[in-house]
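Numbering (this note's numbering), first residue to last: 107 to 445.
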């Protein structure tokens, strides 16, 4: 009780000071789902079915963001966002999701710190559909990008008639001349265009993870992602379509795959029906197409708003992979509260 009172007093003092000098917003969400899952083992192997309480794919988080007017059209801004695992308290390090400080004005916005990349922001066009056990993050099946960069600088332009540009650079700060390692440099770029019901975007992501100068990746992995995305809204229906080329090189072996993602949602008052799928083509390894390497990841579900901030959700999702004896599936039922 005493600890709680002390924490409340400290937060109150900090908030009073912050609000006196600028504006600070507390925000976040709590998402907990019950998941019935099947790891999908077959071909004579025993499958595992279990019921669990989990975070789903839109993890709970708490954040603070704010700004201060510096005059002459210039503002200082900051954002701190932390993942919170309400089911078991793991992975809850402070500022684990976003940590920024920067300046903004008519030119746009620049920040220093850590957080989501422009590429990830575009990919979230599709992954935002999912709240249950599995996701539609088009980059995740082939692990071609880090969805957040550490030690980063990011610039987001102002809007020019609906057109915006974002660039982000991160360094791993691990340059080693004796071992002939690069700096673990990471670059992410995106351009987005919005015109009424139409949204279009293109993104590029490249990561050099400890590869040596001749780029044979003997000491790490070099990966590149190319992404095209678009959505169109027709009254209560929203359609989405995307394409990704994933390339990576590890242990001097090159991997490449094209994937397509499609989504649809339909709003009926407080209830939104939604579905989507990622279609992965055959993977190429060292220039050779791999038989039975195609996959489909799908989800279908509904989200019902109980209020402006609270929603109930149900989803069924899974994978279908050729040549794989494990096709996992999951049914998720849960609640999400935003604040």
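Idealized CB from N, CA, C, for every residue including glycine.
Predicted model, so just to flag it, every value in this text is computed and none were measured.
Are residue 192 and residue 168 close, meaning C-beta to C-beta below 7 Å?
Not closer than 7 Å, so no.
Please confirm if the region 206-219 is in contact with the region 256-265, defined as three or more CB-CB distances below 8 Å between the two stretches.
Output reads yes: the region 256-265 touches the region 206-219.
Check whether the Cβ atoms of residue 418 and residue 373 sit closer than 7 Å, and answer yes or no.
In this structure, residue 373 does not lie closer than 7 Å to residue 418 by Cβ.
Taking C-alpha atoms, which residue in 226, 181, 395 and 185 lies nearest to residue 210?
Residue 210 has its Cα closest to that of 181, out of 226, 181, 395 and 185.
Compare the beta carbon distance of residue 348 and residue 337 with 7 Å and say whether it is the shorter of the two.
Cβ atoms of residue 348 and residue 337: not closer than 7 Å.
Using a threshold of 7 Å, state whether the C-beta atoms of residue 380 and residue 407 are closer than that.
Contact flag set, yes.
What distance in whole Å lies between the Cβ atoms of residue 403 and residue 242, which are believed to be in contact at a cut-off of 8 Å?
That belief holds up - the Cβ atoms of residue 242 and residue 403 are roughly 7 Å apart, short of 8 Å.
Compute the Euclidean distance between the alpha carbons of residue 272 and residue 223, then round it to the nearest angstrom.
Rounded to whole angstroms, residue 272 to residue 223 spans 9 Å at the Cα level.
Find the nearest neighbour of residue 357 within the set 201, 365 and 329, judged by alpha-carbon distance.
Closest option to residue 357, Cα to Cα, is 329.
In whole angstroms, give me the CA-to-CA distance for residue 190 and residue 137.
Rounded to the nearest angstrom, the two C-alpha atoms are 10 Å apart.
Looking at the unbroken alpha helix (DSSP H) that takes in residue 227, where does it start and where does it end?
Unbroken alpha helix (DSSP H) run through residue 227: 224-233.
Which residue or residues does DSSP assign as beta-bridge partners of residue 179?
DSSP lists no partner for residue 179.
Within this structure, are the beta carbons of residue 389 and residue 363 separated by less than 7 Å?
The answer is yes: Cβ separation under 7 Å.
Hey, would you say residue 361 sits closer than 7 Å to residue 394, going by beta carbons?
In this structure, residue 394 does not lie closer than 7 Å to residue 361 by Cβ.
How many angstroms separate the CA atom of residue 413 from the CA atom of residue 184?
If you take the alpha carbons of residue 413 and residue 184, they lie about 29 Å apart.
I'd like the ranges of any beta strand (DSSP E) spanning at least 3 consecutive residues and lying wholly in the region 314-402.
Here the runs fully enclosed are 327-340, 343-356, 359-374 and 377-386.
Could you tell me which residues DSSP pairs with residue 185 in its beta bridges?
Its beta-bridge partners are 171 and 206.
Could you tell me whether the Cβ atoms of residue 301 and residue 228 are closer together than 7 Å?
No, these two residues do not count as a Cβ contact at 7 Å.
Please state whether DSSP places residue 415 in a helix, a strand or coil.
Coil at residue 415, not helix or strand.
State buried or exposed for residue 161, treating a residue as buried only when at least 16 other CB atoms are found within 10 Å of its CB.
Looking at its Cβ environment, which holds 16 or more other Cβ atoms inside 10 Å, residue 161 is buried.
For residue 203 and residue 233, I'd like the C-alpha separation in whole angstroms.
Cα-Cα distance, rounded: 16 Å.
Can you have a look at residue 446 and say buried or exposed, based on whether 16 or more other CB atoms are within 10 angstroms of its CB?
No answer is possible for residue 446: the residues shown for the chain start at 107 and end at 445.
Throw me the rounded Cβ distance for the residue 142 and residue 442 pair, which I believe falls under 8 Å.
In fact, because the Cβ distance is near 18 Å, the residues do not count as touching under 8 Å.
Locate the beta strand (DSSP E) running through residue 266, then write down its first and last residues.
Taken as a continuous stretch (DSSP letters only), residue 266 belongs to no beta strand (DSSP E), as it is neither H nor E.
Alpha carbon to alpha carbon, how far is residue 173 from residue 384? Give it in angstroms, no decimals.
Residue 384 and residue 173: Cα-Cα distance of roughly 39 Å.
Which value, in whole angstroms, describes the spacing of the CA atoms of residue 331 and residue 376?
Rounded to whole angstroms, residue 331 to residue 376 spans 36 Å at the Cα level.
Please state the DSSP three-state secondary structure of residue 244.
Reduced to three states, the DSSP call for residue 244 is coil.
Out of 154, 145 and 170, which one is the CA nearest neighbour of residue 129?
Residue 170 is the option with its Cα nearest to residue 129.
Verify whether the separation of the beta carbon atoms of residue 244 and residue 370 is less than 7 Å.
Contact flag unset, no.
Which two residues bound the contiguous beta strand (DSSP E) that contains residue 440?
From DSSP, the beta strand (DSSP E) with residue 440 extends over 435-444.
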